[in-house]
Amino acid sequence: SCAQPQSVQHYTFQLSKMERWNGRVAVVTGASSGIGAAIAKELAQAGLVTVGLARRVERVGALRDQIPKQFSANLHAIKCDVSKEEDIGRVFQEIVDKFGGIDVLINNAGIVRDSMRLLSEDSQGTQPLRDILDTNVLGLTLCSRKACNSMRDRSVDGHIIHINSIAGHRVLNFPHMNMYSASKFAVTALTETMRNELREMKSKVKVTVSDHLILSVIKWTH
4 SCAQPQSVQH
14 YTFQLSKMER
24 WNGRVAVVTG
34 ASSGIGAAIA
44 KELAQAGLVT
54 VGLARRVERV
64 GALRDQIPKQ
74 FSANLHAIKC
84 DVSKEEDIGR
94 VFQEIVDKFG
104 GIDVLINNAG
114 IVRDSMRLLS
124 EDSQGTQPLR
134 DILDTNVLGL
144 TLCSRKACNS
154 MRDRSVDGHI
164 IHINSIAGHR
174 VLNFPHMNMY
184 SASKFAVTAL
194 TETMRNELRE
204 MKSKVKVTVS
214 DHLILSVIKW
224 TH
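In the working numbering, the protein residues as written are 4 to 225.
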């Protein structure tokens, strides 16, 4: 719904309006449309060097025309399929080489496949199920690892934000979304797992809940 991007925009504005984030590097996955596009535009206008990742990279580039010209140079587009580990490795290294590191990661990329029941055979086999897990769970994990390593290597503060869903906290009675809900519950669990790991590194974690979205926020502090 329209209210969802507004909620995220309000949060990202509050996050990025802090003066110290001006000029820092933010990476947004799934930035070609919807919530990801809204976040990318908001962060760019707040003064962050914003890198939007998407398979439809041309749509990310087109977002520059939707923000004031004085901020358009802050928004960069890179093609990336977060379901592919080799894509993640290549793209995050490119970001480090070009911009110096990652300070904010917004894990927004996510997919759902229609008409996929867990206990029924499907003409496509298991690939649609694997696609959901590779994008929503493994992709998020690998992107988080790359971002955290960048923050740790430079001993800088940073944020990792997982855009989650109510489906990650309550099983919805929509059979075609069974694996999607499982993947979002995994995001909820991964947030707690990362909380434990970062606690060992003397890091702080906070969880911010918006009206229509659940944003699991991990804050790295050295």
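All C-beta atoms in this analysis are idealised placements derived from N, C-alpha and C, irrespective of residue type, glycine included.
Helix, strand or coil at residue i according to DSSP, with G and I counted as helix
i	result
Val159	coil
Thr129	coil
Gly26	coil
Ala76	coil
Gln9	Note that Gln9 scores 40 on pLDDT, short of 50, meaning its location in the model is unreliable and no value can be drawn from it.
Lys87	coil
Ser139	A small fix is needed here, since residue 139 is Asn in this sequence, not Ser. Helix.
Ile38	helix
Asn111	coil
Ile81	strand
Gly50	coil
Arg246	Residue 246 lies beyond the range of the chain shown here (4 to 225); nothing can be said about it.
Glu45	helix
Ser19	Residue confidence is low: Ser19 scores 45 on pLDDT, short of 50, so the model does not pin down where it sits. No coordinate-derived value is stated.
Glu124	coil
Leu193	helix
Val99	helix
Arg93	helix
Pro178	helix
Arg62	helix
Residue i vs residue j beta-carbon contact at 7 Å
i	j	result
Ile91	Val54	no
Val190	His165	yes
Gly104	Arg157	yes
Pro131	Arg116	yes
Leu56	Ala40	no
Lys149	Asn167	no
Ser75	Asp137	no
Ser184	Ala170	yes
Arg58	Asp100	no
Ile42	Val31	yes
Ile70	Gln96	no
Residues of its chain near residue i, where Cβ-Cβ distance is below 6 Å and the 5 sequence neighbours each way are ignored
i	result
Ala29	Leu46, Leu51, Thr53 and Val107
Val94	Ile81 and Cys83
Val159	none
Integer Cβ distance of residue i from residue j, believed to fall under 8 Å
i	j	result
Leu143	Asn110	5 Å
Ile135	Ile114	6 Å
Glu89	Leu145	Incorrect: roughly 10 Å between the Cβ atoms, too far for contact.
Counterpart residues of residue i in DSSP-defined beta bridges
i	result
Ile105	Paired residue(s): none; Ile105 is not in a bridge.
Thr32	Leu56
Lys149	Per DSSP, none; premise fails for Lys149.
Asn167	None; Asn167 has no bridge partner.
Close Cβ partners of residue i (< 7 Å) along its chain, the five nearest in sequence each way excluded
i	result
Arg62	Ser35 and Ser36
Pro178	Arg120
Contacts around residue i, its chain only, beta-carbon distance under 8 Å, and the 5 residues preceding and following it disregarded
i	result
Leu175	Ile169 and Ser184
Arg27	Leu51, Val52, Asp106 and Val107
Asp68	Ser75
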